[in-house]
Amino acid sequence: MATVAIAPQPKQARQPGRSRQKLSRERVEKAAVALARSEGFAALSIRNVAKVLGVAPMALYTHVKNKDELAEHVADALIGGIDVRTADSIEWQDQVRTLLRAHRDLILKHPEITPYVAASSTQPGSGATRFRQSVTRVLRQVGFEDAVADELYFALVTYNYGSVVTAPAGASDSSELLKYNDGLSAILSAYRDRAPRSALGLVESMRERLRFGRK
0 MATVAIAPQP KQARQPGRSR QKLSRERVEK AAVALARSEG FAALSIRNVA KVLGVAPMAL
60 YTHVKNKDEL AEHVADALIG GIDVRTADSI EWQDQVRTLL RAHRDLILKH PEITPYVAAS
120 STQPGSGATR FRQSVTRVLR QVGFEDAVAD ELYFALVTYN YGSVVTAPAG ASDSSELLKY
180 NDGLSAILSA YRDRAPRSAL GLVESMRERL RFGRK
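Using numbering that gives the first Met the number 0, the final residue of the sequence shown is 214, and nothing's skipped along the way.
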């Protein structure tokens with residue numbers, strides 16, 4: 000019987016960029032952040048992120064523990080995406096006002112991030128840390144001691160979260176803004192006596208100028 004020789008099959012050339020497309024935690028996190036920014040935080044799920052990446056949902060669990068872990072990363076990335084630039088020429092009250100308004104605008108757009116940011120408050124990510132440093136830097140520059148600046152920061156951002164979460168459905172924007180401003184003034188008043196003497200006059204003006212509806 001004649002032996003039929005089988006020619007060896009040529010090896011397939013590696014597709015350019017194939018290794019770069021390998022699934023990784025970084026790719027999963029980037030896809031999740033992009034999804035939240037384009038479709039809203041509420042659209043975030045393991046299934047939806049897997050669909051964006053073109054893989055089976057189970058493939059993501061090799062890189063992230065669960066949806067909550069992924070959501071905490073996305074929430075931190077959104078906070079870190081806040082534009083923290085402020086004009087050096089404007090007074091410090093307006094710098095703080097600009098930062099807080101940007102923070103409040105973000106959580107108004109993505110109120111679902113609140114529990115995930117709260118869950119990571121003891122070990123904040125790089126995004127939350129960046130934003131906190133931007134606010135407290137302004138407070139320290141006008142004389143607030145480090146501990147007081149940190150406390151005031153946490154009081155202000157906590158109030159931002161609370162003002163969004165507890166806002167009644169159907170309330171007008173103007174009425175809610177007035178209530179928000181009153182509460183903000185109360186927080187600042189509580190810290191008035193803890194400010195250094197050189198900053199007491201500025202704190203008083205901050206109560207009036209740190210109003211999100213004013214330019």
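The C-beta atom is built at its ideal place from N, Cα and C for all residues, glycine as well. Keep in mind the model is a prediction, meaning the values are calculated, not measured.
Listed in chain order, the alpha helix (DSSP H) runs fully inside the stretch 55-100 are 66-79, counting runs of at least 4 residues. Sequence-distant partners of I112 (beyond 5 residues in either direction) whose C-beta falls short of 7 Å from its own C-beta, in its chain, are F40, A74, L77, I106.
Rounded to whole angstroms, the gap between the alpha carbons of I81 and L177 is 24 Å. Distances from the CA of H72 to each of A148, S23, K29, P56 were compared; the closest alpha carbon is that of K29. Collapsing the DSSP output to three states places E144 in coil. Taking the Cα of Y179 as reference, the smallest distance to any Cα among G126, A166, P114 is reached at A166. DSSP, reduced to helix, strand and coil, places A166 outside both helices and strands of the structure shown, so it counts as coil. Taking the Cα positions, I89 is about 15 Å away from R136.
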